[in-house]
Structures are given as C-alpha cells and as structure tokens.
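Chemist: Have a look at the structure that comes next, please.
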Amino acid sequence: MTEILDLKFDNRDRDDRISKAKQQDFDLIIVGGGITGAGIALDASLRGIKTLLLEKQDFASGTSSKSTKLIHGGLRYLKQLEIGLVRESGLERAVVHRNIPHLVHPETMILPIVENGEFNKITASLAIFVYDYLAKVPKKDRKKSFSKTQTLNLEPLLNPTLLKSSIAYSEYRTDDARLTMEITKAAVRNGAEAFNYLQVNDFLYENGKVKGVIAEDSYLQETHQFSAKNIVSAAGPWVDELRLKNNSLKGKRLHLTKGVHIVVSHGKFPINNSIYFDAFDGRMIFAIPRGKVTYIGTSDTNYSKDKNRVLCSSEDVDYLINCINKLFSKVNLNSEDVISSWAGLRPLIHEDGKSPSELSRKDEIFVSDSDLISIAGGKLTGFRKMSRKVVDLLIKKDPSLPNNACLTKTYKIHSNSFDNYEEFEKFQFELIDTYKKLNLSDYEARYLASTYGKNANYIIQKAMNYQELNWEKALLKSEILFTIEYESATRPDDFFNRRSGLLYFDIETVKTHFEFIIEEFKLAFSWSPEKTASIRSRCRQYITDVSIFQSEVLQEE
Ligand code: FAD
778 MTEILDLKFD NRDRDDRISK AKQQDFDLII VGGGITGAGI ALDASLRGIK TLLLEKQDFA
838 SGTSSKSTKL IHGGLRYLKQ LEIGLVRESG LERAVVHRNI PHLVHPETMI LPIVENGEFN
898 KITASLAIFV YDYLAKVPKK DRKKSFSKTQ TLNLEPLLNP TLLKSSIAYS EYRTDDARLT
958 MEITKAAVRN GAEAFNYLQV NDFLYENGKV KGVIAEDSYL QETHQFSAKN IVSAAGPWVD
1018 ELRLKNNSLK GKRLHLTKGV HIVVSHGKFP INNSIYFDAF DGRMIFAIPR GKVTYIGTSD
1078 TNYSKDKNRV LCSSEDVDYL INCINKLFSK VNLNSEDVIS SWAGLRPLIH EDGKSPSELS
1138 RKDEIFVSDS DLISIAGGKL TGFRKMSRKV VDLLIKKDPS LPNNACLTKT YKIHSNSFDN
1198 YEEFEKFQFE LIDTYKKLNL SDYEARYLAS TYGKNANYII QKAMNYQELN WEKALLKSEI
1258 LFTIEYESAT RPDDFFNRRS GLLYFDIETV KTHFEFIIEE FKLAFSWSPE KTASIRSRCR
1318 QYITDVSIFQ SEVLQEE
C-alpha cells in the first residue's frame, strides 16, 4: 500500500480535540477558514506560533470556493493603474505554482481583439508586455500574437465578423477550495489546530483587549470558549459583522459585490483554450475549459442580501449567456444548457462613487482599540503575502511571540509534494498507465492526480479493497473516506462541493450517486434516520441552488 504522509484530520475525534483546545492558551486565534485564514495559520504555525483556526461553516465555504479559480496577476487592473497589485500577484503566481504544483496548472489564456472591444491590438500588446515584465515571466512563456486566421484555427467558434486578431499569454489555473484545504492541512501538520463548523459569536476581553472568543458548535449546539493572546479576523465578507461585535466598525467599510460563474458541458461549448474576452459593456469575461465542462464568469454587481446563501439568478445566467453568444456566434447557448453554477462575494473596501468593477482589489488591515486585527480584500493569488503581513504585524505588536522569519516562500504545501510540475505530469501518466487494467479512465486518473496529488495512489489502492462494489462506486467510496479521515469532511456537501469539486465540474456523478454518498456519510458518522433525512434534504437543496435559476425578484422573497 502506498505510504500516506498526511496526518489524520478527522472530525470523528472532534469532541476530544475541542476539549483539549479549550484548556490551552493559544498565541493566536484566527476567525475564518478561507484562503486568508488558512494562509495566516500556516505562516504562523511555521514560525512556532501556537494557533487555533475556527471556521463557522466548512473550510473554504465562503468566497474561497467561489472564485474564477485563477492564480493570476489580473490583467484588467493595469487599466486601473494598480501596478503594485499586478506586480505582486504576477510574481506570486510562480511561487504558488512551485509550492503546490499539482494544484496550480500553467494555462494559456487567449485574448481576442475584436471590433469595438476594450483592447485594440496596440493596447493589448502593450498591456501584456507590461504584465509579463512585471511578473518576470520567462521568455518562452511570454505573449504571442496571432492573426485572425491563426486565431480561428485555434478557436473556430469565435465570431469571424467581430474578430480581428488575438494575443496569447500565460496564467495559472487552480482549485480554490482544495488549495485552502491543503494549506489548512499543512498548518495542522505544523502544530496548528483547526475546526470547521465552529462559529465565533463574540469576543472575550481582559483589560479592554481581546483575549478569547465564544464559539458555537453548529453540530452539537454547544458553546465553547477559547483563549488566546491575539485574535485575527479573516472572515472575508463577514469581517464587518465581527468588527461590529467588537464595537470597532468605524472608518473604512466593506463593499460586497457578487460574482457568478455558470457551467456548461464542454460538448456544448468546446473551446480549446481559456479565453478572456469582451462582454461589450466595458467588462471582461473568462471562459475556461476544465475536464468535462467549460465554465464562464464573472458578473460584478452590488450585493446586500443573505451572505450565507448567495445564488446565481436567471438574470446572471442571461447576462453570461448573451456575452458568449455574441462573441461565439456558432454556439447558441441557452439557459437549459447551464448544468451548474456558483456565486461568491468579493469583500472589497468601499470607496465613495466607484462602481463595483472600479473598486480596488487591494487588501486592508484594520486594528481595533481592543487589538482585534481584521484583514479583508485582496485576492486568492496574494494569500501568502497577505498572511505574511498579518503575522509580521502580530510579532511586532506582541514581543512574547517567537520572532522567527516567514518560511512560506519556499514551503512545499502538500505532505508528499511533487518537486516540480514535470514530476506531477510524469506521475499523472504513470497513474493512467498503471491502472488501465482496472478500467481507470484517463479522465479519472487526471482528476484524481490533479485533485489529491500523490494521495491519488492511496485512494485507488484502497478502492481495490471494496470488491463488493463496482469500480466506480469503490473509487467514490475510497475518495469519500479519504476526505473524512484526512480532510475533516463532515457533511456530504463538504465532499461533493469543496473537497472534490464534483458539484461544479461533474454534477452528473453527484446526482447519479447521491444516495450512495449520503449512505457513506451516514455509516461513517453513525447518523440516526432523522438526522440522515434532514442532511439529505439540505444536500438536495444545494444541488437545486446551483442548477435551478430564479429571477432576482423571486430570490428576494
Ligand atoms: P472567505 O473565503 O470568504 O473566508 C472567510 C471565512 O470566514 C468564510 O469561510 C466564513 O464562513 C468564515 N467566517 C465568517 N464569519 C465567521 C465567524 N463568525 N466565525 C467563524 N468563521 C467565520 N482571486 C484570485 O486570485 N483569482 C481569481 O480568479 C479570483 N476570482 C474571483 C471571482 C469571484 C467571483 C470572487 C467573488 C472573488 C474572486 N477572487 C479571485 C478573490 C478571492 O476569491 C478572494 O479574495 C478570497 O477567496 C477571499 O478569501 P477570504 O479567506 O478572505 O474570505
């Protein structure tokens, strides 16, 4: 059996772990288990800071599972002259790629130059030249220009009447929720403790300074108190709620905007490359092929409804479909072609008079009079730099913390990491080859390798033990049990949404094996029939939420 280097990170021993955590005095409590909270937990624990991370839902259930899933510099921010932001994210791309190669894949992006588009040949060429320069992109990966005919050879679905030429440039594609999970696991491997389904409801104070939190367990409906010398809120769109609890919501505030992605089968929209194209309303849209599907996004609209249930509306679907049909004239998508979707909130910093797309994507740190440190804004791509800034600040403020240097620039995030991308690609081919005899398809091998890295081998070998099941179910069972045992999956949607991405990228598998997935969780957690029924109906609701679209007006009710 292939060796597994991951630590157990299993909520079936959660009560014990919570009891132990309650008896400790941590150096640091982090509120929020998105990419920012996870990144801070990893940076702090690598520096020897005793850390506790608390997440109210599942890890990455906020914005960090709803992004465009790109590790990118943000070409469009050049137009807003956000040179510092573009440079920083551009440089970080290579760092994240090196530190977790199986989750951060090089991706060629095509920018079509079109009649009346945002970019013409000269501005696009200049922008991408600056982009490549700021990010120190190696010569071989720098921009390439294509004529109209060459572009149509690459992407025959583009509208020849509007198309003039195109430019290709380099980006990276990731899976945001898996990245967050691997970073959280790395923090735990380095001594941090982390719990999902523990919501911080209030703070505890000593001499006017925050020294602990009151947290509610959404599973047992119990309340716990945890204490720490320092508290950081990395609660994304919920940061202002916690600042309000801390009586420190003054000055700058968050401005939430909604961004939606829709998913269609790759057969319906068979592009060969990722394409970054004009929406013809001054915005730019991504279309990204991934396995069996192509996903398209995103919108950018002001948001003030329920932050815990953000939905894609029929208006959002129509907007994105219209953008596609205009530039890809042969595609003719309609709303019935949309098989899945996700909608997330950007926690941006409010600036008077600016529209959603004009607001800066820069991060911001707020320190309250009672020393609550809150961080919001920023991008998935810049998580490591944001985390370093917060931990440096903590060390500066609290001399009792170990004053060690940041180690995350070269730290390999996965427990059994590939040294580089070539090694990952070789592993993927070997996996395809070795398991052909088990009828493991190329798609399954690639999916497992790019989702779980070398742990794919462990998952496949475990699946061979379940001989009473057909191969598809045996593999699914093994994958589910891996995420329960090593990744704190506690509810079926933790698995089919954030651990595996199946809800977005292979919703048919979720629908086909829905009862099987529920049953595996029921057995693993010994749920009563009543509890199973209630979880089943919530999971059905999740599937409806991502695949059935109502008008904004009806969603309001
Ligand atoms: P979140 O991921 O929202 O994490 C905050 C967490 O705090 C949540 O999980 C929440 O449940 C938890 N929480 C809240 N309150 C409490 C409480 N009281 N107790 C305990 N836990 C609590 N960036 C890129 O680099 N590349 C992209 O391609 C990209 N695309 C994007 C597309 C869209 C549509 C959007 C919306 C954003 C995109 N971004 C992208 C930005 C990026 O996704 C975000 O910057 C990032 O995910 C924010 O992470 P976070 O950890 O700060 O917030």
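If you count by the numbering used here, then the sequence shown holds residues 778 to 1334, one letter each, in order.
By construction, the Cβ of each residue, glycine as well, lies at the ideal position given by its N, Cα and C atoms.
Going by beta-carbon coordinates alone, are P933 and I1052 separated by less than 8 Å?
Modeler: By 1-based counting over the sequence shown, the position of residue 933 is 156. By 1-based counting over the sequence shown, the position of residue 1052 is 275. No, the Cβ-Cβ distance between P933 and I1052 is not below 8 Å.
Chemist: Does the pairing of the segment 1110-1125 with the segment 1142-1152 give three or more beta-carbon distances under 8 Å?
Modeler: No: fewer than three Cβ pairs fall under 8 Å.
Chemist: Among S1025, N1050, S1042, Y1096, whose alpha-carbon lies nearest the alpha-carbon of T1058?
Modeler: For the purposes of this step, residue 1058 is identified with residue 281 of the sequence shown, where counting begins at 1. According to the sequence as given, residue 1058 is Asp; it is not Thr. Measuring from the Cα of D1058, the nearest candidate turns out to be Y1096.
Chemist: To test your reading of the DSSP string, which unbroken beta strand (DSSP E) runs of 3 or more residues are found completely within the segment 1134-1180?
Modeler: Listed in chain order, they are 1140-1144, 1149-1154.
Chemist: Please state if the CB of K799 and the CB of H1127 are separated by a distance shorter than 8 Å.
Modeler: Taking the sequence shown and counting its residues from 1, the one referred to as residue 1127 is at position 350. Taking the sequence shown and counting its residues from 1, the one referred to as residue 799 is at position 22. Not in contact: H1127 and K799 (Cβ atoms no closer than 8 Å).
Chemist: Regarding R919 and ligand 1, is the C-beta to nearest heavy atom distance less than 7 Å?
Modeler: Within the sequence shown, residue 919 is the residue found at index 142, counting from 1. Answer for R919: no, Cβ out of range of ligand 1.
Chemist: Is it right to say R1315 is buried, meaning 16 or more other beta carbons lie within 10 angstroms of its own, or is it exposed?
Modeler: On the sequence shown, residue 1315 is found 538 positions in, with the first residue counted as 1. It is exposed - the Cβ of R1315 has fewer than 16 other Cβ atoms within 10 Å.
Chemist: As a quick exercise: from G861, G810, K846, F803, pick the residue whose alpha carbon is nearest that of K1139.
Modeler: The residue given as residue 1139 occupies position 362 in the sequence shown. Among G861, G810, K846, F803, the Cα nearest to that of K1139 is on G861.
Chemist: Considering only the alpha carbon of each residue, which of S1277, N897, E1292 lies closest to D1055?
Modeler: By 1-based counting over the sequence shown, the position of residue 1055 is 278. Checked all of S1277, N897, E1292; the closest Cα to D1055 is N897.
Chemist: In terms of residue numbering, what span does the beta strand (DSSP E) encompassing A837 cover?
Modeler: Here residue 837 corresponds to residue number 60 of the sequence shown, with the count starting at 1. Note, A837: premise wrong, no beta strand (DSSP E); not H, not E.
Chemist: Apply the 10 Å Cβ neighbour rule to G985 and answer buried if 16 or more other Cβ atoms are within range, or exposed otherwise.
Modeler: Here residue 985 corresponds to residue number 208 of the sequence shown, with the count starting at 1. G985 should be labelled exposed.
Chemist: Taking 7 Å as the line, does the beta carbon of G1155 fall inside it for any heavy atom of ligand 1?
Modeler: Within the sequence shown, numbered from 1, the residue matching residue 1155 stands at position 378. The answer is yes for G1155.
Chemist: Taking the CB atoms as reference points, tell me whether L829 and F980 lie closer together than 8 Å.
Modeler: Taking the sequence shown and counting its residues from 1, one reaches residue 829 at position 52. Taking the sequence shown and counting its residues from 1, one reaches residue 980 at position 203. Result no, Cβ atoms of L829 and F980 do not sit closer than 8 Å.
Chemist: Going by the CB atoms, is the gap between L1157 and I812 shorter than 8 Å?
Modeler: Your numbering for residue 812 matches position 35 in the sequence shown. Your numbering for residue 1157 matches position 380 in the sequence shown. Their beta carbons are under 8 Å apart, which means I812 touches L1157 by this criterion.
Chemist: Can you look up E1329 in the DSSP assignment and give me helix, strand or coil?
Modeler: In the sequence shown, the residue the question calls residue 1329 occupies position 552. Reduced to three states, the DSSP call for E1329 is helix.
Chemist: To which residues of the same chain is K1107 closer than 6 Å at the C-beta, ignoring the five residues directly before and after it?
Modeler: The count along the sequence shown starts at 1 and reaches residue 1107 at position 330. Answer for K1107: L934, listed in chain order.
Chemist: Which first and last residues belong to the alpha helix (DSSP H) in which S1416 is found?
Modeler: Only positions 778 to 1334 of the chain appear in the structure, and residue 1416 is not among them; the question remains open.
Chemist: Comparing alpha-carbon positions, which option in A992, F1272, L1215 lies nearest N1247?
Modeler: Indexing the sequence shown from 1 puts residue 1247 at position 470. The option with the nearest alpha carbon to N1247 is L1215.
Chemist: T1260 by DSSP, collapsed to three states: which one?
Modeler: Residue numbering aside, residue 1260 sits at position 483 when the sequence shown is read from its first letter. Reduced to three states, the DSSP call for T1260 is helix.
Chemist: Quick one: residues in its chain with C-beta nearer than 8 Å to the C-beta of D787, no 5 flanking neighbours on either side, listed in chain order?
Modeler: Counting from 1 along the sequence shown, the entry for residue 787 is found at position 10. If we look at D787 and ignore the five residues flanking it on each side, its Cβ neighbours are I1261, E1262, Y1263, S1265.
Chemist: Report the rounded CA-to-CA distance for R1020 versus N1007, giving the unit in angstroms.
Modeler: Here residue 1020 refers to the residue found at position 243 when the sequence shown is read from its first residue. Here residue 1007 refers to the residue found at position 230 when the sequence shown is read from its first residue. Approximately 15 Å between the Cα atoms of the pair.
Chemist: Does any heavy atom of ligand 1 sit closer than 7 Å to the C-beta of A837?
Modeler: Stepping through the sequence shown from its first residue, residue 837 is reached at position 60. Result yes, Cβ under 7 Å from ligand 1.
Chemist: In this structure, does DSSP put Q998 in helix, strand or coil?
Modeler: Taking the sequence shown and counting its residues from 1, the one referred to as residue 998 is at position 221. Three-state result, Q998: coil.
Chemist: CB-CB under 7 Å to S1134, same chain, minus the five flanking residues each way: which ones, in chain order?
Modeler: Counting from 1 along the sequence shown, the entry for residue 1134 is found at position 357. Counting only Cβ-Cβ distances below 7 Å, and skipping sequence neighbours, we find R1060, D1077.
Chemist: Is any non-hydrogen atom of ligand 1 found closer than 7 Å to the C-beta of G1130, if you look at the structure I gave you?
Modeler: Taking the first residue of the sequence shown as 1, we reach residue 1130 at position 353. Result no, Cβ not under 7 Å from ligand 1.
Chemist: How would you label P1014, buried or exposed, when you count the other beta carbons within 10 angstroms and need 16 or more for buried?
Modeler: If you number the sequence shown from 1, residue 1014 lands on position 237. Buried, by the Cβ-count rule.
Chemist: Look up F976 in the DSSP assignment and give the residues it is bridged to.
Modeler: To locate residue 976, count along the sequence shown from 1; it is residue 199. The question names Phe, but residue 976 in the sequence shown is Gln. According to DSSP, Q976 bridges with E993.
Chemist: Does the distance from the CB of G809 to the CB of A1005 come in under 8 Å?
Modeler: One-based indexing of the sequence shown puts residue 809 at position 32. One-based indexing of the sequence shown puts residue 1005 at position 228. Their beta carbons are not under 8 Å apart, which means G809 does not touch A1005 by this criterion.
Chemist: Measure the C-alpha to C-alpha separation of N930 and A901 and round it to an integer number of angstroms.
Modeler: Taking the first residue of the sequence shown as position 1, residue 930 is located at position 153. Taking the first residue of the sequence shown as position 1, residue 901 is located at position 124. Answer to the nearest angstrom: the Cα atoms are 20 Å apart.
Chemist: Could you check how far apart the C-beta atoms of I1236 and L1225 are, in whole angstroms? I think they sit under 8 Å.
Modeler: Locating residue 1236 in the sequence shown gives position 459, counting from the first residue. Locating residue 1225 in the sequence shown gives position 448, counting from the first residue. Between L1225 and I1236 the Cβ distance is about 6 Å, and since that is below 8 Å, they are a contact.
Chemist: Is the separation between the beta-carbon of V1040 and that of Y1281 shorter than 8 Å?
Modeler: The count along the sequence shown starts at 1 and reaches residue 1040 at position 263. The count along the sequence shown starts at 1 and reaches residue 1281 at position 504. A contact, by the Cβ cut-off of 8 Å.
Chemist: Quick one: grab the DSSP three-state call for F1046.
Modeler: Start at 1 with the first residue of the sequence shown, and residue 1046 comes out as number 269. The answer is coil: DSSP assigns F1046 none of H, G, I, E or B.
Chemist: Using three-state DSSP, classify W1304 as helix, strand or coil.
Modeler: Mapped onto the sequence shown, residue 1304 falls at position 527. W1304: coil per DSSP, three-state reduction.
Chemist: Give me, in chain order, the residues of the same chain whose beta-carbon lies closer than 6 Å to that of S822; leave out the 5 immediate sequence neighbours on both sides.
Modeler: Against the sequence shown, residue 822 aligns to sequence position 45. T828, A964, N967, G968, A969, listed in sequence order.
Chemist: When DSSP labels each residue in this structure, what does E1334 get in the three-state scheme?
Modeler: The residue you call residue 1334 lines up with position 557 of the sequence shown. Its pLDDT being 48, under 50, E1334 is placed unreliably in this model, and the value from its coordinates should be taken loosely. Three-state result, E1334: coil.
Chemist: Which partner residues of A1064 appear in the DSSP bridge assignment?
Modeler: Position 287 of the sequence shown, counting from 1, holds the residue named residue 1064. DSSP lists I1052, I1073 as partners of A1064.
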